[in-house]
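**Q** Under UniProt numbering, the first residue of the sequence shown carries the number 1, and numbering increases by one thereafter. Glycine residues also receive a C-beta, built at the ideal position from the N, C-alpha and C atoms. Shown below is the structure under consideration.
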Amino acid sequence: MKSFNWVKHKWVWESEMAKKITLNSHSDHTPFALIWALFKFSANECTRVQNLV
Numbered sequence: 001m002k003s004f005n006w007v008k009h010k011w012v013w014e015s016e017m018a019k020k021i022t023l024n025s026h027s028d029h030t031p032f033a034l035i036w037a038l039f040k041f042s043a044n045e046c047t048r049v050q051n052l053v
């Protein structure tokens, strides 16, 4: 259960980072697809660990 909490925290942190990067991307043209891929990977990891618990 402890590991699940860590993954959840990591996913929330990565989501926040993705939001920040997305907001900045309008000025510095960071590829949104890369951020979206990271976000989807994080969400998939969270779901996978949730299923293991």
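(1) Which whole-angstrom value describes the C-beta separation of serine 42 and glutamate 16, a residue pair presumed to lie in contact below a C-beta threshold of 8 angstroms?
(2) Taking a contact to mean a Cβ-Cβ separation below 9 angstroms, would you say lysine 19 touches cysteine 46 in this structure?
(3) Which term fits tryptophan 11, buried or exposed, when burial requires 16 or more other beta carbons within 10 angstroms of its beta carbon?
**A** On the basis of the data shown:
(1) For this step, residue 42 is matched to residue 42 along the sequence shown. For this step, residue 16 is matched to residue 16 along the sequence shown. No, serine 42 and glutamate 16 are not in contact; Cβ-Cβ is about 11 angstroms, not under 8 angstroms.
(2) For the purposes of this step, residue 19 is identified with residue 19 of the sequence shown, where counting begins at 1. For the purposes of this step, residue 46 is identified with residue 46 of the sequence shown, where counting begins at 1. Going by C-beta atoms, lysine 19 is not nearer than 9 angstroms to cysteine 46.
(3) Along the sequence shown, one-based indexing puts residue 11 at 11. That one is buried.
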